[in-house]
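Number of protein chains: 2
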Amino acid sequence: MNATAEPRKESVSCPMDFILRMLMGPWTTYILYNLKTHGSQRFGELKRRVSGVSAKMLTERLRTLEGAGLVRRDYEATIPPKVTYSLTERGHELDDVMGRLAEIGMRWEAEDAALRSLRAVELKAAE
Amino acid sequence: MNATAEPRKESVSCPMDFILRMLMGPWTTYILYNLKTHGSQRFGELKRRVSGVSAKMLTERLRTLEGAGLVRRDYEATIPPKVTYSLTERGHELDDVMGRLAEIGMRWEAEDAALRSLRAVELKAAE
DNA sequence: ACCAGTAGGTACCAATTCGTAACTTAGAGG
DNA sequence: CCTCTAAGTTACGAATTGGTACCTACTGGT
Chain A
34 MNATAEPRKE SVSCPMDFIL RMLMGPWTTY ILYNLKTHGS QRFGELKRRV
84 SGVSAKMLTE RLRTLEGAGL VRRDYEATIP PKVTYSLTER GHELDDVMGR
134 LAEIGMRWEA EDAALRSLRA VELKAAE
Chain B
34 MNATAEPRKE SVSCPMDFIL RMLMGPWTTY ILYNLKTHGS QRFGELKRRV
84 SGVSAKMLTE RLRTLEGAGL VRRDYEATIP PKVTYSLTER GHELDDVMGR
134 LAEIGMRWEA EDAALRSLRA VELKAAE
């Protein structure tokens, strides 16, 4: 975390920042989640599963993930081309952290929901 | 994600997506890191530490973090107003995960650097 | 002949994002 | 009286982003 005045843009420094920027790109979590739970998949298959994503975005995200070594791309130049994506070893290194994040996220969501309904009850009682 | 009428919002709702979207906002990791390592701080202090951030962004990020319950905002209406920010309990729940992420990020960075220099050496040897 | 599917690439377009600059409030110091 | 400060808020504007539409090449179905 360098202190002094720098055009921060490319003076990366925080390793968390880099990795989070990767994980959090538009559809990234959905893509990684699908690759993790459904295993190796073709482009179209993945696109259908991550419903709503455009081909452009999916391609771009997959290329980025490939560049970071999280995803492997296997290209078969058969006549309808067949491209298969899967998680690499490195991709699987995130399983643990992602699991914890998901767990925390769900817990917070539940806590917040409980708080909200509690407040709703109090409001009703106050009437 | 975005605008156009999505079927997605409530159907899948990856809890990780929510939490990552929070963590990854523009300056968020720097802010959380600073609050964690330097403890409770005033706005200006924080702004100086997270060098490069604009007041607008910092305010917006802090408000979001406050809304998510990760950060506490203590406002003293003294004449030059004094506003102090600190991590909440919930904010500290991320310490562990953030640490792991940072560790993984640094390891990957080191691995990549090693690979690059290895390749550089090979290139030189091939000449 | 025409359409669909496979895995994209490219051009364009609208919306969102983020930075900059100016304004605020009220007291303290000169 | 004038300016400075802290912690913002608001308005404006440029840049980035992500979607849509259209393009490739090839084959199998009707």
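First to last, the protein sequences are chains A and B.
First residue of the first sequence: 34, per the numbering used here; consecutive thereafter.
First residue of the second sequence: 34, per the numbering used here; consecutive thereafter.
Quick reminder that beta carbons are idealized off the backbone N, C-alpha and C, glycines included.
Values in this document were obtained by computation on a predicted structure and should not be read as measured data.
Counted as a single uninterrupted DSSP element, the alpha helix (DSSP H) harbouring V130/B occupies residues 128-159. Taking the beta carbon of G138/B as reference, the chain A residues within 7 angstroms of it are P48, M49, F51, I52, listed in sequence order. Close to chain A, meaning a Cβ-Cβ distance shorter than 7 angstroms, are the following residues of the region 52-68 of chain B: I52, L53, R54, L56, M57, T62, Y63, Y66.
Bridge partners of K115/A according to DSSP: E109/A.
Contact between T117/A and L53/B does not hold, since the beta-carbon distance rounds to 26 angstroms and is not under 8 angstroms.
Taking a C-beta distance under 8 angstroms as the contact criterion, P48/B and G138/A qualify as a contact pair.
Under DSSP, L95/B shares a beta bridge with no residue. Under the DSSP definition of a beta bridge, L120/A partners with V104/A.
A distance below 6 angstroms between beta-carbons, with the five flanking residues on each side excluded, links D107/A to the following residues of its chain, in chain order: T117. DSSP lists T117/B as the beta-bridge partner residues of R75/B. Here R94/B is buried, its C-beta having at least 16 other C-beta atoms within 10 Å. Less than 8 angstroms divides the Cβ of L79/A from the Cβ of L91/A.
Taking CB atoms only, V130/B has a neighbour in chain A less than 8 angstroms away.
Following the DSSP letters along the chain, one finds P59/A in no alpha helix (DSSP H), marked with neither H nor E. Distance check between G124/A and each of A101/A, A158/A, D50/A places A101/A closest, using alpha-carbon atoms only.
Nearest to E109/B by alpha-carbon distance, out of L103/B, R75/B, W141/B, is R75/B. Around the C-beta of L134/B, 16 or more other C-beta atoms lie within 10 Å, and the residue is accordingly described as buried. For R133/B, the closest Cβ of chain A is nearer than 8 angstroms. The same chain holds no residue with a CB closer than 7 angstroms to that of E160/A once the five nearest residues on each side in sequence are set aside. A direct Cα-Cα distance of roughly 20 angstroms separates A146/B from L127/A. Short of 6 angstroms from the beta carbon of S119/B, and not among the five residues preceding or following it, lie these beta carbons of its own chain, in chain order: S73, R105. Each of R140/B, R96/B, W60/B, L103/B was checked against the Cα of V86/B, and the nearest Cα belongs to W60/B. For R94/A, no Cβ of chain B is located within less than 8 angstroms of the residue's own Cβ. Straight through space, the alpha carbons of A88/B and L68/A are spaced by roughly 40 angstroms.
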